[in-house]
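Below is one structure; the comments refer to it alone.
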Amino acid sequence: DKMINEVVSMIQPVIQKNSNELIVSYEANLGTMYSDVTKIRQCLFNLLSNASKFTESGKINLVAKRETKDNEDWLIFQVSDTGIGMTDEQIINVFQAFTQADSSTTRKYGGTGLGLVITRQFCKMMDGNINVKSEFGNGSIFTINLPVVVKESQVQV
2 DKMINEVVSM IQPVIQKNSN ELIVSYEANL GTMYSDVTKI RQCLFNLLSN ASKFTESGKI
62 NLVAKRETKD NEDWLIFQVS DTGIGMTDEQ IINVFQAFTQ ADSSTTRKYG GTGLGLVITR
122 QFCKMMDGNI NVKSEFGNGS IFTINLPVVV KESQVQV
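Okay, so the sequence shown: first residue is 2 according to the numbering used here, each after it adds one.
Listed below in structure tokens is the structure:
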């Protein structure tokens with residue numbers, strides 16, 4: 002929860018800029034994670050930053066929980082918002098470099114279009130994944146799944 006609190010304090014000014022409310026909830030038993038804290042922090046910051054950029058006077062939720070799947074412990078981070086959402090076509094392209102919903106989105110909201118690309122790459126590097134669900138006009142939900150223990154890379158010499 003220390004890392005989550007750090008991310009929340011870093012992102013709070015961005016959240017407030019568009020008059021949004023951040024709601025954070027996490028289980029008391031999150032435990033310890035053996036992974037790259039800097040990468041996780043950056044992933045959460047990117048998702049929360051996007052959520053606040055595409056939401057005005059709305060709610061942004063950050064939920065963290067621990068689950069066991071196939072005898073392996075996972076931490077799940079979910080960022081949801083009540084923002085503009087995305088169409089099915091936009092969802093397909095959302096993790097590609099320099100892709101925003103369309104050029105009018107770039108003009109209106111700014112940004113480089115790299116935040117989600119970096120987030121996805123970091124998740125892969127930590128043996129995890131990220132997925133998105135969105136409804137145009139009703140917001141988006143981004144979910145990061147990360148193993149509690151990242152396996153050592155198998156390097157052949």
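The beta-carbon is built from N, C-alpha and C at its ideal position, and this holds for glycine as well.
The structure presented is a predicted model; accordingly, all values stated were derived computationally and were not measured.
Per-residue DSSP class, three states only, for residue i
i           : result
residue 31  : coil
residue 116 : helix
residue 57  : coil
residue 38  : helix
residue 8   : helix
residue 151 : coil
residue 15  : helix
residue 94  : helix
residue 137 : coil
Own chain, CB closer than 8 Å to residue i, minus 5 neighbours either side, in chain order
i          : result
residue 20 : 57 and 58
Residues that DSSP places opposite residue i in a beta bridge
i           : result
residue 65  : 27 and 78
residue 144 : 79 and 132
residue 22  : 60
residue 73  : 70
Contacts around residue i, its chain only, beta-carbon distance under 6 Å, and the 5 residues preceding and following it disregarded
i           : result
residue 142 : 81 and 134
residue 55  : 84 and 85
7 Å Cβ shell around residue i - same chain, five flanking residues per side excluded
i          : result
residue 38 : 4
residue 25 : 5, 9 and 63
Integer-rounded CB distance, given that residue j should sit under 8 Å from residue i
i           : j           : result
residue 115 : residue 98  : 6 Å
residue 72  : residue 117 : Their Cβ separation, rounded to whole angstroms, is 30 Å, which puts residue 72 and residue 117 out of contact at 8 Å.
residue 65  : residue 27  : 4 Å
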